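**Q** Residue numbers (the UniProt record's numbering): 1 to 207. Structure in structure tokens, see below.
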């Protein structure tokens, strides 16, 4: 990085937040340079440019040395805000970024205090497999004695029962771990009994 780490991340955040159409060319240039996509010959649309920058922010969330900077730049709030977007790609990258960040205790507490569990649970209904896997994993990381009532609420446990029966191995394995390690036997039994009497539930993601 030619710029300092904080300055570079600040540039990414600024690029993402700028929405005027006259800045589209500049935003696309940054997205391409960060990702080194030399084969892309047509101009990026505004949506594609935002997706590319958000993907890069999510990638930086892998590195614990970036956590403090990302908190300072309010990237956790940015990721949480993107979970309600109609653009599934933005949701996927935002959910992936949160999944990367929530292993850290400070980040975990921030997400919980920001009422982040509900929009993460809503991501379980996504048709995008990566979004669902990230949401499921994030709920595991966010489960604490204080948050357990919300992260293992009955609709979530019902969803995990359905996921555990999925032909998708990634999904079924993660759901089985969730049920075994994060839910009590009475919770699982209640959800199983309720599922027998209703067809309503969080849909499985598309293959």
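Ideal Cβ positions, reconstructed from N, Cα and C, are used throughout, including at glycine. Keep in mind it's a predicted model, so treat the numbers as computed, not measured.
Which stretch, first to last residue, makes up the alpha helix (DSSP H) that contains residue 62?
**A** The residue labelled residue 62 in the question sits at position 62 within the chain shown. No alpha helix (DSSP H) holds residue 62; DSSP gives it neither H nor E.
**Q** When the distance is taken between beta carbons, is residue 79 closer than 8 Å to residue 103?
**A** Locating residue 103 in the chain shown gives position 103, where the first residue counts as 1. Locating residue 79 in the chain shown gives position 79, where the first residue counts as 1. No, the Cβ-Cβ distance between residue 103 and residue 79 is not below 8 Å.
**Q** Find out if the Cβ-Cβ distance for the pair residue 83, residue 120 is shorter than 8 Å.
**A** Residue 83 sits at position 83 when you count from the first residue of the chain shown. Residue 120 sits at position 120 when you count from the first residue of the chain shown. Yes, these two residues count as a Cβ contact at 8 Å.
**Q** Given a cut-off of 8 Å on the beta-carbon distance, is the pair residue 69 and residue 6 in contact?
**A** Here residue 69 refers to the residue found at position 69 when the chain shown is read from its first residue. Here residue 6 refers to the residue found at position 6 when the chain shown is read from its first residue. In this structure, residue 6 lies closer than 8 Å to residue 69 by Cβ.
**Q** Residue 175 to residue 90, Cα distance in whole Å?
**A** Looking up residue 175 in the chain shown gives position 175. Looking up residue 90 in the chain shown gives position 90. Looking at the two C-alpha atoms, the distance is approximately 24 Å.
**Q** In whole angstroms, what is the alpha-carbon distance linking residue 14 and residue 155?
**A** Translated into positions along the chain shown, residue 14 becomes position 14. Translated into positions along the chain shown, residue 155 becomes position 155. The alpha-carbon atoms of residue 14 and residue 155 are separated by roughly 38 Å.
**Q** Is the beta carbon of residue 167 less than 8 Å from the beta carbon of residue 100?
**A** For the purposes of this step, residue 167 is taken as the residue at position 167 of the chain shown. For the purposes of this step, residue 100 is taken as the residue at position 100 of the chain shown. Cβ atoms of residue 167 and residue 100: not closer than 8 Å.
**Q** Whole angstroms are fine: how far does the CA of residue 185 sit from the CA of residue 63?
**A** Residue mapping note: residue 63 aligns to position 63 of the chain shown, counting from 1. Residue mapping note: residue 185 aligns to position 185 of the chain shown, counting from 1. So the alpha carbons of these two residues sit roughly 36 Å apart.
**Q** Less than 8 Å separating the beta-carbons of residue 135 and residue 161?
**A** Residue 135 sits at position 135 when you count from the first residue of the chain shown. Residue 161 sits at position 161 when you count from the first residue of the chain shown. In this structure, residue 161 does not lie closer than 8 Å to residue 135 by Cβ.
**Q** In three-state terms, what does DSSP make of residue 28?
**A** Position 28 of the chain shown, counted from the first residue, corresponds to residue 28. Low per-residue confidence applies at residue 28: pLDDT is 41, beneath 50, and the placement is therefore not dependable, though the value from the model is reported in the following sentence. In the structure shown, residue 28 sits in a helix (DSSP, three-state: H, G or I).
**Q** Mapping the DSSP letters down to three states, classify residue 264 as helix, strand or coil.
**A** Not covered by the structure: residue 264. The range shown for the chain is 1 to 207.
**Q** Ignoring anything shorter than 4 residues, give me the alpha helix (DSSP H) runs that lie fully in the UniProt repeat "ARM" (74-116), in order along the chain.
**A** List check, alpha helix (DSSP H) in window: 75-82, 88-101, 105-113.
**Q** Contact defined as beta carbons within less than 8 Å: I believe residue 139 pairs with residue 107. What is the distance between those atoms, to the nearest angstrom?
**A** Position 139 of the chain shown, counted from the first residue, corresponds to residue 139. Position 107 of the chain shown, counted from the first residue, corresponds to residue 107. That pair is no contact at about 15 Å.
**Q** For the segment 119-160, list the alpha helix (DSSP H) runs that are entirely contained and at least 4 residues long, ordered along the chain.
**A** You should have 129-142, 148-151.
**Q** Which residue comes first and which comes last in the alpha helix (DSSP H) that contains residue 45?
**A** Here residue 45 is taken as the residue at index 45 of the chain shown, counted from 1. No alpha helix (DSSP H) contains residue 45, which DSSP labels as neither H nor E.
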